[in-house]
Structure formats: structure tokens, C-alpha cells
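Colleague: Dumping the structure here so I can ask a few things about it.
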Amino acid sequence: MKTTRFSGGYALFALGVFTFATTLYAVWRHYSPLPFGDQWDGTIGFYMRALQNPWHSLFEQHNEHRLTFSRLIFFPDVRYFGGRNLLSLTANLVLAACLALSFYRVTSRYSSLDRAMRLALVGVVLVFTFSWIQEENFTWGFQSQWFAVYLFALLAFHALDLSAQAQARGDAAKSLGWLIAALASGTIAAFSMSSGVLVLPVLIAQAIYQRLKLRALLLILAVTAAVWIGYFVDWHNSASSGNFVATLGQHPVVAVRYVLLYLGAPAQKARLGAPGAYVTGALVLFTLFAFGAKLLRHPTRPVRAIALFSVTLFITGNALLTASGRLGFGVDSALSSRYTTASLAAWLALILFAALNAETAARRRKVFTLAVIATVLIASAQRFAFNDAHDVTHARLVAGLALRSHVYDPQIVTAVYPFPETLVNIAKAAEQAQVSIFAPGQPDYLAPPQHIDSKSPCEGAIDGVFSTSNPDVLRATGWIYDSNEQTTPRFVVVTDDSNTTLGTGVTGGPSPDARAHEGRRARFSGWTAFFKAPAKGEIHIAAPTADGGYCVMKAAGTIPLASSPASH
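Positions 809 to 1376 (this note's numbering) are the ones given, in order, by the sequence shown.
Written out as C-alpha cells, the structure reads:
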């Protein structure tokens, strides 16, 4: 038995390290410096507003949220890192690591683990907290709040548990200190995202259950009231949110389905489909209710790590709150990747709570078996971390180049924002403020010389030249490859017959023609460029080379050019 536990511990640890490493690799592969979606208003727009009115902007409403904590990340990302997602994506990973460490510390505090079991615990925690199932929250620089809210919720519930233990020992000073830590964590959770406002009410319920003194309970009530008043003053229901009471009253069955899918979403992401999500979601609810009933029946019986139970209760309330606001998007919206950070945390918390409070060896073995099955199921979805992301990253780079070129064609710019009309206004303001992709010296788009003089050849073709919504700007596509360096240049430059620069382009798009001509290394040599039409003659394509010079394609394009590939 000891050998089996030791081997199993190492196997689970290896699975956790694999999950952690492959998620880091996938974040690197999916990296895009472009603001995406809510980042245009929530990061770039917030930064510009914060320069004028910092205090108001820090607490202003975004949809139904007040993203105060995350804005402390967004602002320096734009100010000191050019708004290129470097700090924001790093913060996502750091917060996920802090959440993993918190789960480990809470669990290990209440159990005596040998080396094998410690390794197993580390592995299980890493699989759940770094699962690629939640890829949206790892690859989008606007998602730090998802990790923050569950991190600070867990810290709040654990700190209150420690406060109750200190009270039981008669250590009033430590009890007060941990109580203050719990209230601070609960407050930060509330100002991480909207669901965080539920942390303090759950904290009240936990305080009552753990029989904290009346003055401690009154302090929690006072802080909860202050936070809620501060949160909801001037708050308005956003267009994307529904009415809680009306939605649940009119669609109770659909709301229950939504909650089940929300809690069971990891199973669906692991290819068990919607039925698997319903079953596992129901299992989470049943287990939570069973533990809750047991706690109420035996209120004086010692409970280990009640913070883990409170986290699951909080996440279930979060699921219900989300259902009330997102049913209008369809019940399947509960399966969104960003929501799985919550459901993964709920699964992990319940598993750890069950393991810590199993009363017999037989029950403990059953919990361990279930934990291994769930961990392997979640880890099996890690294969999606190797999916190709070139299409997405290239489309976003092209959209950014279009914005810099004052081309606002919906089929292009929706790669970074779904509402082009709104995006145009934000982009123009950002350009005027010279932030993000419009900042001087930004490294993601080329600032070429006025003239390109080079005899060095590049291989490639011009596939087509097209008009845009801007009558002064044309778009061209094609492929390019530097056969001398055996590499694809990052950028292209469009010139006229006199080698005068007309515009620039970005590479990285898939190109079957390039692969056929130059081999596998050239498979992502496709480019898109925006440029001003030449007064006369043809257009030519050049690209910067590793030695600081330029190479020039042999093929040239005529205005207008048919959209069939040009000759090689």
C-alpha cells in the first residue's frame, strides 16, 4: 500500500507539473500584444480617463463590475509596458499561482502528509488551477479578476477560520488580527468583480456557524454594509445583465440548468459533452448540500478547513447570480471558458474538503479515487493547449494595423472588438493620446524609412490588392520568405517604382503557397499590408532582414490587381 501511494503521488505530481508547464507554453504561443474585447474600453479607455480623474476611474463601473483591483494592474501595464499585455498576462499567471499556493497551504495545515501525499496534493492543485480548460482567462489580459476574486475569497474564509481558532484558544489579539485580514480580503474580493460582493455575506454565515463573539459578528455586518453601500452607490444595471428576481422567477427551470452547466463545465470541456456537465454539476450541488446538512446537524463536531466549504458555497451563489444576468445569452453561455475558473475551484475545494473530513479509511479511499478520476479527466483536456493560434494572433495584428491606418472595415477590426462603431471612437482617442498600439516607439508595427534601396532578393508573391472603407488606403495580401536567412520577416513594406514607402504590413498568416514553394518553415509567411495608392506604376514589396537591411520581392503588383495570386 505504501509503494502504491508513493508511486501515485509522483504520478499526480508529474501530471501537475505537465499541466503547469504546458499552460505556460500555451500562453506564450497565444500571446498577442493587441488589446482585445473589453480591453479597449476597460484598459485603454480606463487609462485615458484615469489620467484626468484617477479616483473616480479606479472605482467606476464596468458592466456590472467594479474592477478596482485589476485596474491596479491595467494602469501600469499601459503606462510602463505600452499596454502590450505583458504585465496583465503575467499577473494572470501569478494570481493563479497564488490561488494554487493558497489551496495547498489551507489543505496541508489541517493534515499530516507524508512525502507521497504532499506531492500528490501539489499535483492535483496544479492540474485544477492551471488547467487549459480556462484558456480565455490565461490568454486575455483583461481577466485577472477571475483569479483574484477566488483567491481573496479563499483567503477571507481561511482567515476567519483562523480567527475562530484563535478565539477558541483565548488569544484575542490574534483572533482580531485574522478577523481584520478576513474583512480586508473580502473587501478586495468585492472590488475584484461583481460576484465578490457575495464573499462578505458568506463570511457572515461562516462566522455564525463558527460562533464568533457578538462584537466580531457586528464588525463583519458593519463592514459588509459599508462595502455594499460603497459598491452600489451610483450603480446601475448594465445592458448585459438581467434582473435577478424577475429572471429566476420567470425561468426557474432554465436557471437551474444554467447553474448545473456552470458548475459542470469542466466535464464538457474535457469532451464529456453537455450530459457530462449536467451530471457533474448535479454531483457538485448534491455534495455541497450533503455537507451543508451534515454541518447543520452536527454544529459542534470539529470541521477541518471550513474555508473550502465556504468557497464552494460562494461559487454556487456566483453561478446563480450569473444565471440571472446571462440567461439572455442562452443556457449554453454557462459553458464559457472564463467561467471554468470558478467551477474548477469548486471541484477542487469540494474534493479537498471531503478528503480532510472523511471519517473512515474506507471513505477516504473513495474520496482519493474520485480525486484521481477528476484530476485525470481535467488533465486530459490539456491536449488542447497544443492547438495552433496563428490565425487568431495574425488576425489581431492585422486589425491593429488597420486601426493605425484608419481603416475600420468590420470584417477586419472585429478580430479585436465586436462593435466597430464603438471601437473607432476609442481608437481615435487612443491615437490622439499616443497610447497602446499608437504609442511612439511601440515594437509591434514597423516604422520604415522613407525610401527602401536594396538589391537583396526575397521570395514571395502578391495575391491581391483591394479597396477599403478608407478611399485613401488600399489593402494587399500575399506571402514573403527570406530564403537566404531561411526565415519569414516580421514585417513588409510597400513601395512604389521609385522605392518610396507607401505603407507597411505584418506577416504570420498561414500560406499554403509559401509552404509549397519554400517548405514547412514558410507555412506562416502570409502577409497583409495597408498603403496609400501610388500616383502611377506598380507596387513593390520589401522586408527587413536580420542584418538590418532589406530584401525585395521579385514580384510586383499593378493597381488595380486581380485577386488571383501573382506570379512567383
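Beta carbons are placed, not taken as given, at the ideal position from N, Cα and C, and that holds for glycine.
Give the straight-line distance between the Cα atoms of Leu991 and Ser1277, rounded to the nearest whole angstrom.
Modeller: In the sequence shown, the residue the question calls residue 991 occupies position 183. In the sequence shown, the residue the question calls residue 1277 occupies position 469. Separation of Leu991 and Ser1277 (C-alpha to C-alpha, rounded to the nearest whole angstrom) is 54 Å.
Colleague: So, using beta-carbon positions, are Arg1204 and Leu894 closer together than 7 Å?
Modeller: Taking the sequence shown and counting its residues from 1, the one referred to as residue 1204 is at position 396. Taking the sequence shown and counting its residues from 1, the one referred to as residue 894 is at position 86. For Arg1204 and Leu894, no; Cβs fall outside 7 Å.
Colleague: So Thr1183 and Val932 are supposed to be a Cβ contact under 8 Å. How far apart are they, rounded?
Modeller: Locating residue 1183 in the sequence shown gives position 375, counting from the first residue. Locating residue 932 in the sequence shown gives position 124, counting from the first residue. Correct: roughly 5 Å between the Cβ atoms.
Colleague: Determine which residues share a DSSP beta bridge with Leu1282 and list them.
Modeller: Your numbering for residue 1282 matches position 474 in the sequence shown. DSSP links Leu1282 through a beta bridge to Ser1275, Phe1339.
Colleague: Okay, do the stretch 1107-1114 and the stretch 976-996 touch, 3+ Cβ pairs below 8 Å being the bar?
Modeller: no
Colleague: Could you check the C-alpha separation between Phe814 and Leu903 for me, to the nearest Å?
Modeller: Counting from 1 along the sequence shown, the entry for residue 814 is found at position 6. Counting from 1 along the sequence shown, the entry for residue 903 is found at position 95. Note that Phe814 scores a pLDDT of 46, beneath 50, so its modelled location is shaky; the value from the coordinates is reported in the next line. Taking the straight line from one Cα to the other gives about 30 Å.
Colleague: Here's the rule: buried if 16 or more other CB atoms are within 10 angstroms of the residue's CB, otherwise exposed. What is Ala1374?
Modeller: Translated into the one-based positions of the sequence shown, residue 1374 becomes position 566. In this predicted model, Ala1374 has a pLDDT of only 36, less than 50, meaning its place in the structure is not dependable enough to derive any value.
Colleague: I'd like to confirm the pairing. Which residues does DSSP put opposite Cys1359 in its beta bridges?
Modeller: For the purposes of this step, residue 1359 is taken as residue 551 along the sequence shown, with counting starting at 1. Ala1351.
Colleague: Kindly indicate which three-state DSSP category Tyr1039 falls into: helix, strand or coil?
Modeller: By one-based count along the sequence shown, residue 1039 stands at place 231. Looking at Tyr1039 - three-state DSSP - the assignment turns out to be helix.
Colleague: Quick check: Thr1308 and Leu1254, are their CB atoms within less than 7 Å of each other?
Modeller: Counting from 1 along the sequence shown, the entry for residue 1308 is found at position 500. Counting from 1 along the sequence shown, the entry for residue 1254 is found at position 446. Not closer than 7 Å, so no.
Colleague: May I have the straight-line CA-CA distance separating Tyr1358 from Arg913, to the nearest angstrom?
Modeller: The count along the sequence shown starts at 1 and reaches residue 1358 at position 550. The count along the sequence shown starts at 1 and reaches residue 913 at position 105. Distance between the alpha carbons of Tyr1358 and Arg913 is about 55 Å.
Colleague: Can you list, in chain order, the residues of its chain whose CB lies under 6 Å from that of Val1224, leaving out five sequence neighbours each side?
Modeller: As a working mapping, residue 1224 is identified with position 416 in the sequence shown. Leu842, Phe844, Arg1204, Ala1207.
Colleague: According to DSSP, simplified to helix, strand and coil, what is Pro1074?
Modeller: What you label residue 1074 is simply residue 266 of the sequence shown in a count that begins at 1. DSSP places Pro1074 in helix when its eight states are reduced to three.
Colleague: What do you get for Ile1016, buried or exposed, if any count of 16 or more other CB atoms within 10 angstroms of its CB means buried?
Modeller: Walking along the sequence shown from the start, residue 1016 turns up at place 208. Result: exposed.
Colleague: Per DSSP, what kind of secondary structure is Phe938 in: helix, strand or coil?
Modeller: Working through the sequence shown from its first residue, we reach residue 938 at position 130. Secondary structure of Phe938 (DSSP, three-state): coil.
Colleague: Taking the C-alpha atoms as reference points, what is the distance between Phe1137 and Gly1057?
Modeller: The residue you call residue 1137 lines up with position 329 of the sequence shown. The residue you call residue 1057 lines up with position 249 of the sequence shown. Cα to Cα, the separation comes out at about 17 Å.
Colleague: Residues in the same chain with beta-carbon distance under 8 Å from Val886, minus the five sequence neighbours each way, listed in chain order, please.
Modeller: Here residue 886 corresponds to residue number 78 of the sequence shown, with the count starting at 1. Around Val886: Thr851, Ile852, Tyr855, Val1243, Ser1244.
Colleague: Mind checking Ile1037: buried by the 16 CB within 10 Å criterion, or exposed?
Modeller: Translated into positions along the sequence shown, residue 1037 becomes position 229. It is exposed - the Cβ of Ile1037 has fewer than 16 other Cβ atoms within 10 Å.
Colleague: Where Ser920 and Ile1234 are concerned, what is the direct C-alpha to C-alpha distance, given to the nearest angstrom?
Modeller: As a working note, residue 920 is residue 112 in the sequence shown. As a working note, residue 1234 is residue 426 in the sequence shown. Going from the Cα of Ser920 to the Cα of Ile1234 covers about 55 Å.
Colleague: Touching or not, the stretch 1128-1136 and the stretch 1159-1178, by the rule of three or more beta carbon pairs under 8 Å?
Modeller: no
Colleague: Tell me whether Trp1287 sits in a helix, a strand or coil according to DSSP, three-state version.
Modeller: Here residue 1287 refers to the residue found at position 479 when the sequence shown is read from its first residue. DSSP places Trp1287 in strand when its eight states are reduced to three.
Colleague: For the stretch 922-986, list the alpha helix (DSSP H) runs that are entirely contained and at least 4 residues long, ordered along the chain.
Modeller: 923-937, 943-947, 952-977
Colleague: Where does Ala1269 fall in DSSP's three states?
Modeller: Here the question's residue 1269 lines up with position 461 in the sequence shown. Strand, per DSSP.
Colleague: Quick check: the Cα distance between Phe999 and Asn1165, rounded to an integer number of angstroms?
Modeller: Position 191 of the sequence shown holds residue 999. Position 357 of the sequence shown holds residue 1165. One C-alpha to the other measures close to 32 Å.
Colleague: Would you identify the three-state DSSP class for Leu842, choosing helix, strand or coil?
Modeller: Indexing the sequence shown from 1 puts residue 842 at position 34. Of the three classes helix, strand and coil, the one that applies to Leu842 here is coil, per DSSP.
Colleague: Measuring only from the beta carbon, is Gln1018 closer than 6 Å to any heavy atom that is part of the ligand GDP?
Modeller: The ligand GDP is not part of the structure shown, which contains no ligands of any sort.
Colleague: Could you give the DSSP three-state label for Leu1020: helix, strand or coil?
Modeller: Numbered from its first residue, the sequence shown carries residue 1020 at position 212. In this structure, Leu1020 counts as coil in the three-state DSSP scheme.
Colleague: On the DSSP bridge list, what partners appear for Thr1295?
Modeller: The residue you call residue 1295 lines up with position 487 of the sequence shown. Asp1290, per the DSSP bridge assignment.
Colleague: Buried or exposed: where does Gly1240 fall if 16 or more other Cβ atoms within 10 Å of its Cβ makes it buried?
Modeller: In the sequence shown, counting from the first residue as 1, residue 1240 sits at position 432. A small fix is needed here, since residue 1240 is Gln in this sequence, not Gly. By the 10 Å Cβ count, Gln1240 comes out exposed.
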